[in-house]
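Undergrad:
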Amino acid sequence: MIQMKTELPQVFESFAEARQNGFLAMKKIKDSGTGVVGQFCTYTPQEIFTAAGLVCVGLCSTSDETIPAAEKILPSNLCPLIKSSYGFAITDKCPYMYFSDLVVGETTCDGKVKMYELLAKEKNVHILELPRRQDTLEAKALWRAELVRLKERVEKDFGVTITDDNLRDAIRRRNVERRLLKELYELSQLTPPPITGLRQLQILFGAQFKFDWHEKVAEIQRAIDSIRAAYEAGERPVSEAAPRILITGCPMGGVTEKVIKVIEEAGAVVVAFENCTGAKQMDRQCREEGDPLTNIADHYLQIGCSVMTPDNNRFELLERLCKQFQVDGVVEMTLQACHTYAVEAHSIKAFLQEKGMPYLQLETDYGTADIGQLSTRAGAFVEML
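Using UniProt numbering, read the sequence shown as starting at 1 and increasing by one per residue.
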């Protein structure tokens with residue numbers, strides 16, 4: 001079994017209050033004897049960790065704060081998400097990375113895979129071998145075998161037994177979360193939408209850092225009820241004339257909120273996110289009847305992402321969201337050096353323009369030096385709409 005880390009890092013006192021609160025919340029979980037699993041990707045099945053009685057938390061960092069530390073080891077022209085994540089690991093500045101007893105990575109990207117090799121010198125790391133196909137029997141068999149291997153690793157490391165009943169209950173719980181978060185973001189189908197895109201993303205992104213399941217679902221339900229009540233009372237935070245934008249592309253949160261801000265400051269409103277934080281992981285329910293591990297494997301393998309070839313599921317979801325949210329234009333946010341999304345952007349643009357949907361690609365990193373350029377391009381796009 002692994003040796004759990006329960007002490008605070010030496011640099012704790014230098015952290016801002018919000019981050020200190022994150023450390024203290026995680027320390028409280030660890031002091032209760034609960035194990036923590038950190039994950040990087042939407043493909044990683046949370047149900048396995050929930051079934052083991054563990055807390056799972058996202059580790060993809062969205063700040064340039066630790067990139068200088070990471071660049072002492074990693075190349076400067078690497079994806080900022082990878083550099084930031086590794087930087088937080090080696091500087092002990094992220095409470096979720098610091099307190100993770102097991103870190104689960106996946107082979108979505110070559111840069112991540114090589115970073116995980118270095119990370120394994122600092123943390124207890126497990127790698128999931130993700131197929132690049134979604135429609136073959138071989139890919140489905142490989143992915144289910146990988147989840148069996150992950151289940152066995154969790155059982156070994158944490159000294160637990162994960163039963164089928166545990167997994168079924170975890171599927172049910174995760175489905176409740178998906179249903180509520182989908183209900184929340186689908187409120188923006190209204191004209192005008194009841195909340196800004198920035199507010200929507202902050203709720204979706206923040207939900208992954210709520211660790212008590214009952215409190216989490218209750219809080220999401222309160223947010224839904226509050227937004228509905230305000231709208232019915234006549235509150236209109238968004239103009240009815242604002243062009244409606246869907247954002248697709250790389251994972252969003254933290255510093256990449258700058259993309260949403262420049263779009264909405266230009267007079268548009270972001271009504272939907274196809275990215276990992278949004279509809280990509282919340283749109284579908286996991287089957288609850290039958291073999292639970294097969295259901296989990298099948299569910300996660302069908303997530304649409306640029307690492308898949310062909311990536312039909314992403315295209316299908318994009319087209320459906322455009323119709324569902326009455327979208328006027330699509331903005332794709334790609335991170336510098338994220339090659340799969342950068343290459344697929346050409347196909348996404350052609351696909352959308354064939355359907356008469358205006359499209360804009362914005363490439364950025366975790367810095368703020370490009371805000372002026374982003375504002376100019378976003379402003380011109382919105383004005384065209």
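Cβ coordinates follow ideal geometry from the N, Cα and C atoms, glycine included.
I want to know whether the segment 177–194 touches the segment 268–278 - three or more CB-CB distances under 8 Å.
TA: They touch, by the three-pair rule.
Undergrad: Looking at the strands, I want to know which residues DSSP matches up with Gly58.
TA: In the DSSP output, where bridge partners are listed per residue, Gly58 has Gln39.
Undergrad: Identify every run of the beta strand (DSSP E) within the segment 263–332, keeping only runs that are complete inside it and at least 3 residues long; order them along the chain.
TA: 269–273, all fully within the segment 263–332.
Undergrad: What number of angstroms, rounded off, separates the C-alpha of Gln46 from the C-alpha of Leu360?
TA: 33 Å
Undergrad: Tell me, which residues are paired with Thr363 by DSSP?
TA: The sequence shown places Glu at residue 363, not Thr. Here Glu363 is bridged, per DSSP, to Thr334.
Undergrad: From the DSSP output, which residues share a beta bridge with Val103?
TA: Gly38, Val125
Undergrad: Does the distance from the C-beta atom of Gly329 to that of Met357 stay below 9 Å?
TA: yes
Undergrad: List the DSSP bridge partners of Leu246.
TA: Ala272, Val330
Undergrad: Can you tell me where the alpha helix (DSSP H) with Glu65 in it begins and where it stops?
TA: Segment: none, Glu65 is in no alpha helix (DSSP H) and carries neither H nor E.
Undergrad: For Met308, does the count of other Cβ atoms within 10 angstroms reach 16, so buried, or fall short, so exposed?
TA: buried
Undergrad: Express the C-alpha separation of Ile303 and Gly278 in angstroms, rounding to a whole number.
TA: 12 Å
Undergrad: For the alpha helix (DSSP H) that contains Val154, what are its first and last residues?
TA: Annotation: the continuous alpha helix (DSSP H) that includes Val154 extends over 137–158.
Undergrad: Note down, in chain order, each residue of its chain lying with its Cβ closer than 8 Å to the Cβ of Phe15, except the 5 sequence neighbours on either side.
TA: Any reading at Phe15 is ruled out, since the residue's pLDDT is 40, under 50, leaving its predicted position unreliable.
Undergrad: Quick check: Thr107 and Leu81, are their CB atoms within less than 9 Å of each other?
TA: no
Undergrad: If you measure from the CB of Arg228, is any heavy atom of the ligand FAD nearer than 8 Å?
TA: What this structure holds is no ligand at all, so the ligand FAD is not there to describe.
Undergrad: Is it a yes or a no for the segment 233–247 touching the segment 292–299, going by three-plus beta-carbon pairs under 8 Å?
TA: no
Undergrad: CB Ile102 to CB Leu128, shorter than 9 Å?
TA: Here residue 102 turns out to be Leu, not Ile, going by the sequence shown. Result no, Cβ atoms of Leu102 and Leu128 do not sit closer than 9 Å.
Undergrad: Does the Cβ of Ile29 have 16 or more other Cβ atoms within 10 Å, making it buried, or fewer, making it exposed?
TA: Ile29 sits buried, since 16 or more C-beta atoms from the chains shown fall within 10 Å of its C-beta.
Undergrad: Considering only the alpha carbon of each residue, which of Thr44, Ala145, Gly53, Asn21 lies closest to Gly35?
TA: Gly53
Undergrad: What are the boundary residues of the alpha helix (DSSP H) that includes Gly351?
TA: Note on residue identity: the sequence assigns Phe, not Gly, to residue 351. Taken as a continuous stretch (DSSP letters only), the alpha helix (DSSP H) holding Phe351 covers 339–354.
Undergrad: Return the CA-CA distance between Tyr341 and Ser306, expressed in angstroms with no decimal places.
TA: Tyr341 and Ser306: Cα-Cα distance of roughly 5 Å.
Undergrad: On the CB-based measure, 16 or more other CB atoms within 10 Å of its CB, does Thr313 come out buried or exposed?
TA: A small correction: the amino acid at residue 313 is Asn; Thr does not occupy that position in the sequence shown. Buried, because 16 or more other Cβ atoms sit within 10 Å of the Cβ of Asn313.
Undergrad: For the segment 177–261, list the beta strand (DSSP E) runs that are entirely contained and at least 3 residues long, ordered along the chain.
TA: 244–249
Undergrad: Can you tell me where the alpha helix (DSSP H) holding Pro76 begins and where it ends?
TA: It is Ser, not Pro, that sits at residue 76 in the sequence shown. Element bounds for Ser76: n/a, residue is neither H nor E.
Undergrad: DSSP state of Ala16, grouped into three classes?
TA: Its pLDDT being 47, under 50, Ala16 is placed unreliably in this model, and the value from its coordinates should be taken loosely. DSSP places Ala16 in the coil class of the three-state scheme, outside both helix and strand.
Undergrad: Count the other C-beta atoms from every protein chain shown that fall within 10 angstroms of the C-beta of Gly367, then say buried if there are 16 or more, exposed otherwise.
TA: exposed
Undergrad: Could you check how far apart the C-beta atoms of Arg179 and Gln285 are, in whole angstroms? I think they sit under 8 Å.
TA: 7 Å
Undergrad: Quick check on the burial criterion: 16 or more other C-beta atoms within 10 angstroms. Buried or exposed for His299?
TA: buried
Undergrad: Are the CB atoms of Phe381 and Ala266 within a distance shorter than 9 Å?
TA: Result yes, Cβ atoms of Ala266 and Phe381 sit closer than 9 Å.
Undergrad: Please say whether Thr44 and Val104 have beta carbons closer to each other than 9 Å?
TA: yes
Undergrad: Which whole-angstrom value describes the C-beta separation of Leu59 and Gly38, a residue pair presumed to lie in contact below a C-beta threshold of 8 Å?
TA: Right, their Cβ atoms sit about 4 Å apart.
Undergrad: Nearest to Cys79 by alpha carbon, out of Arg149, Cys109, Pro95, Ala25?
TA: Nearest C-alpha to Cys79: Cys109.
Undergrad: What are the boundary residues of the alpha helix (DSSP H) that Ile48 is part of?
TA: 46–51
Undergrad: Output the distance between the C-alpha atoms of Gly159 and His214, rounded to the nearest integer angstrom.
TA: 25 Å
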